[in-house]
Amino acid sequence: MSDKADVLVVGAGIVGLFTALEFARKGYDVIVVEKNDGPGHEATSRNAGVIHVLQLPFNSLKSRLCIEGNRIYHEIDEEYGLGIRWVNAYLASTRSIYRVLSTLLTWYLHYKLPEDYRVRLVDSKYLRRVEPLVSRNVKVAIEVQGYGVVHPPTLASRIAEIVEELGSISYRDTVHSINVVDDYVLVESERSTYKARMLVNSAGLYADDVASMVGDEYRVIPIKGVMTVYDSVKIDSILAWLRIEKKHETKGGGVIPHPRGTLLGPTYGGIVDKTDYAYSDGDIVALKDKFQPLIDGPLEGLPEVIVGLRATTEKRDFIIEYSQRSTRVIHLVGIESPGLTAAPAIAKRVAGMARRVLP
Ligand SMILES: Cc1cc2nc3c(=O)[nH]c(=O)nc-3n(C[C@H](O)[C@H](O)[C@H](O)COP(=O)(O)OP(=O)(O)OC[C@H]3O[C@@H](n4cnc5c(N)ncnc54)[C@H](O)[C@@H]3O)c2cc1C
């Protein structure tokens with residue numbers, strides 16, 4: 012006996028969930044197979060929760076799907092009850108010398124981004140009016156409108172709820188083997204044998220392992236990111252440094268509104284094992300040292316620490332492609348940041364690719 016579906020999605024992270032939803036809304040019979048006992052327990056719940064606007068380089072797939080994903084979230088937020096908080100982001104500098112750079116960058120971003128995402132240069136007086144907690148030392152900032160912040164576990168649960176109204180999710184169900192047989196895909200898992208017309212590999216950190224079940228080769232490189240949440244400060248905007256970073260390790264991150272206060276980070280750690288979620292006091296201190304100069308509010312007490320692993324590849328871009336063996340299998344590999352933002356756009360892209368095998 013086997014369970015049948017039009018589409019089987021491996022992984023109930025945010026990308027697999029949006030993909031399942033996209034197919035289910037088109038009327039296909041969908042099943043999501045997830046090894047954990049609930050939705051979004053891996054990278055999806057261990058991130059900064061930012062619905063991004065900007066993602067460099069602009070010519071990358073992740074940049075294009077980021078802006079498209081952001082647009083879709085704006086459209087579905089209310090309809091789906093996602094509870095996204097729409098905020099401005101400020102790329103700030105404490106050095107007046109950055110004024111020239113900021114002016115050029117503002118012009119460049121204005122030219123690159125769709126019209127609805129307003130970008131402008133603001134001075135410290137304006138910035139302190141809209142975000143009173145910003146440091147007095149900030150001299151200039153680039154304001155980018157259209158960012159969002161969300162509580163990722165809540166978002167994943169909400170999308171899973173909608174998926175379950177239209178299709179089904181099998182939890183505590185690890186996929187062990189995949190075989191493409193003529194016009195269907197046979198999937199063996201812990202709980203069942205599934206027969207599907209097509210399969211989407213959305214297994215995050217383990218997408219390379221799942222791809223190898225079909226005979227395709229990828230290498231996912233996990234890179235650690237540590238974040239801290241302080242309940243002593245509550246800000247209303249995203250603040251990040253406008254800096255030309257020399258070291259990759261210190262790149263990115265920001266001061267981000269969070270339901271329990273303010274989130275700092277993430278760090279950009281080294282390559283680690285897929286199960287290594289350890290952090291040190293040094294990470295907490297480094298985050299505080301980097302971001303405290305951006306805000307006047309006190310970062311007091313022991314913060315909550317969140318550790319996530321980015322599922323990167325050597326390509327440093329999303330890989331969304333058919334299996335070498337069959338167009339009935341689509342792999343999503345290297346869905347690192349901004350995968351949370353891009354998820355609904357990735358789903359639409361996958362549904363488009365699936366037209367080759369699904370009428
Ligand atoms: C520190 C950090 C900060 C980030 N911040 C942001 C941000 O602010 N904004 C943003 O847009 N993005 C951010 N990201 C990126 C974002 O978190 C990811 O791109 C996104 O969550 C990827 O979702 P996913 O569904 O592909 O992967 P996952 O959430 O990892 O889901 C994959 C799922 O597949 C399941 N699975 C794996 N193997 C099997 C198997 N054999 N059988 C069954 N199930 C299986 C796993 O259990 C898991 O649930 C951040 C990432 C990190 C690490």
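With the working numbering, letter number 301 in the sequence shown gets 312, and the count goes up by one each step, no holes. Note that the Cβ used here is the ideal one computed from N, Cα and C, for glycine as well. Note that the coordinates shown come from a computational prediction; the quantities given were computed from them, not determined experimentally.
No Cβ-Cβ contact shorter than 8 Å links L32 with A167. Around the CB of L275, 16 or more other CB atoms lie within 10 Å, so the residue is classed as buried. For I173, the CB contacts under 7 Å within the same chain, skipping 5 residues up- and downstream, are L32 and Y91 in chain order.
Boundaries of the beta strand (DSSP E) around H269: G265 to H269. Contact check between the segment 73-83 and the segment 43-61: fewer than three CB pairs, one atom from each, fall below 8 Å, which does not count as touching. Secondary structure within the segment 269-315: the alpha helix (DSSP H) runs of 4 or more consecutive residues, fully enclosed, are 292-302 (chain order). The three-state secondary structure of V244, taken from DSSP, is coil. Closest in alpha carbon position to G159, among R169, S135, V61 and V231, is V61. Within a 10 Å sphere around the beta-carbon of P233 sit 16 or more other beta-carbons, which makes this residue buried. Short of 6 Å from the beta carbon of E199, and not among the five residues preceding or following it, lie these beta carbons of its own chain, in chain order: H187 and S188. Annotated three-state conformation of I346 is coil, per DSSP.
D134 and Y101 have their C-alpha atoms roughly 11 Å apart. For V196, same chain residues with a beta-carbon under 6 Å away, outside a window of 5 residues either side, are A207, L210 and R339 in chain order. Across the set L310, L369 and L253, the C-alpha of L310 shows the shortest separation from the C-alpha of A297. Here T114 has L132 as same chain residues with Cβ atoms under 7 Å from its own Cβ, once five neighbours each way along the sequence are excluded.
Here L343 is actually not in contact with N190; their C-beta atoms are around 20 Å apart, not less than 8 Å. Ligand 1 approaches K46 closely enough that one of its heavy atoms is under 7 Å from the residue's Cβ. Between ligand 1 and A23, a heavy atom-to-CB distance of less than 7 Å is present.
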